[in-house]
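Residues in the sequence shown are numbered from 13 upward in steps of one, following this note's numbering.
The C-beta atom is built at its ideal place from N, Cα and C for all residues, glycine as well.
The structure presented is a predicted model; accordingly, all values stated were derived computationally and were not measured.
Read the structure below first, then the notes.
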Amino acid sequence: MKLKKILGITGLAVASTVALAACGAGGNKSAKDDKTLTVGIMTLDDTTEPLWDKVKELAKDKGVTIELKEFTDYNQPNEALKNGEIDVNAFQHIYFLNNWNKENKGDVVAAADTLLSPIHLFSGTENGKAKYKDVKELPEGATISVPNDGTNESRALTLLQTAGLIKLDVKDGELATIKNI
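Here it is in structure tokens:
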């Protein structure tokens, strides 16, 4: 089942990316130029690298070359897109995009769906091994860090609530903050 989901997400990402490449092919490049699409993403990891490898492989079958440009700060891909340094980016959910546009007077728009990496809960280490392997092992009063932007903070807090670690008091449609715990 997990493989089907991954292949489905990969297929959607390829279709979206190829469609975007086709839309951009009519620009300043001549017909002789190969279709290359520079995609801004966050740093590749063990989860996302195989997916992007598959996206590149399937796009190549459609005559599109995908070049990935990695970023380490969540504001950088939208800035790079705004400045014309990349053709598209694929790293954010719509809430982050809307918030980024509002805070940065941006006009970046969602052009297609793509994959969204799952949010992770990481543990510190002891003697080179994960200190906690299950959220149930966290002691009462444990300190947990969350992202420092509003939309991903809300996403992380919702994850912690789903894991049974906190209880949020949030109205429908509102982003959760630390104050809602």
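DSSP bridge partner residues for Thr-50 (one or two, in chain order)
Here the question's residue 50 lines up with position 38 in the sequence shown. Beta-bridge pairing links Thr-50 to Glu-79.
Label Val-121 either buried or exposed according to how many other C-beta atoms from any shown protein chain fall within 10 Å of its C-beta, with 16 as the threshold for buried.
For the purposes of this step, residue 121 is taken as residue 109 along the sequence shown, with counting starting at 1. The residue in question, Val-121, is exposed, as its Cβ has fewer than 16 Cβ neighbours within 10 Å.
Count the other C-beta atoms from every protein chain shown that fall within 10 angstroms of the C-beta of Asp-85, then say buried if there are 16 or more, exposed otherwise.
Your numbering for residue 85 matches position 73 in the sequence shown. By the neighbour-count rule (16 or more Cβ atoms within 10 Å), Asp-85 is not buried but exposed.
Counting along the chain, where does the alpha helix (DSSP H) carrying Gly-176 start and finish?
The sequence position of residue 176 within the sequence shown is 164, counting from 1. Careful: Gly-176 lies outside any alpha helix (DSSP H) and carries neither H nor E.
Helix, strand or coil: which one does DSSP assign to Asp-125?
Mapped onto the sequence shown, residue 125 falls at position 113. Residue state, collapsed to three classes: coil.
Buried or exposed (CB count within 10 angstroms, at least 16 for buried), Ala-71
Here residue 71 is taken as the residue at index 59 of the sequence shown, counted from 1. Classification for Ala-71: buried.
Taking DSSP's pairing of strands, which residues face Ala-92 in a bridge?
For this step, residue 92 is matched to residue 80 along the sequence shown. DSSP lists no partner for Ala-92.
Using only the alpha-carbon positions, how far apart do Leu-150 and Glu-97 sit?
Residue numbering aside, residue 150 sits at position 138 when the sequence shown is read from its first letter. Residue numbering aside, residue 97 sits at position 85 when the sequence shown is read from its first letter. Each residue's alpha carbon lies about 43 Å from the other.
Please report the Cβ distance between Ala-102 and Leu-127, rounded to the nearest whole angstrom; I am assuming they are in contact, meaning their Cβ atoms lie under 8 Å.
Locating residue 102 in the sequence shown gives position 90, where the first residue counts as 1. Locating residue 127 in the sequence shown gives position 115, where the first residue counts as 1. With 8 Å as the limit, Ala-102 and Leu-127 qualify as a contact, their Cβ atoms being about 7 Å apart.
Report back the beta-carbon spacing between Leu-80 and Val-100 to the nearest angstrom; my notes put them in contact at under 8 Å.
Stepping through the sequence shown from its first residue, residue 80 is reached at position 68. Stepping through the sequence shown from its first residue, residue 100 is reached at position 88. No, Leu-80 and Val-100 are not in contact; Cβ-Cβ is about 11 Å, not under 8 Å.
Cα-Cα separation between Val-182 and Val-158, rounded to whole angstroms:
Residue numbering aside, residue 182 sits at position 170 when the sequence shown is read from its first letter. Residue numbering aside, residue 158 sits at position 146 when the sequence shown is read from its first letter. Near 17 Å, if we compare the C-alpha coordinates of Val-158 and Val-182.
In angstroms, rounded to a whole number, what distance separates the CA positions of Asn-111 and Trp-64?
Numbered from its first residue, the sequence shown carries residue 111 at position 99. Numbered from its first residue, the sequence shown carries residue 64 at position 52. Looking at the two C-alpha atoms, the distance is approximately 26 Å.
Please work out which residues of its chain come closer than 6 Å, Cβ to Cβ, to Ala-142, disregarding the five sequence neighbours upstream and downstream, and give them in chain order.
Taking the sequence shown and counting its residues from 1, the one referred to as residue 142 is at position 130. Cβ within range, chain order: Ser-135.
Using a Cβ-Cβ cut-off of 7 Å (strictly less than) and excluding sequence neighbours within five positions of Leu-109, which residues of its own chain qualify?
As a working mapping, residue 109 is identified with position 97 in the sequence shown. So the qualifying residues of the chain are Val-120, Ala-122.
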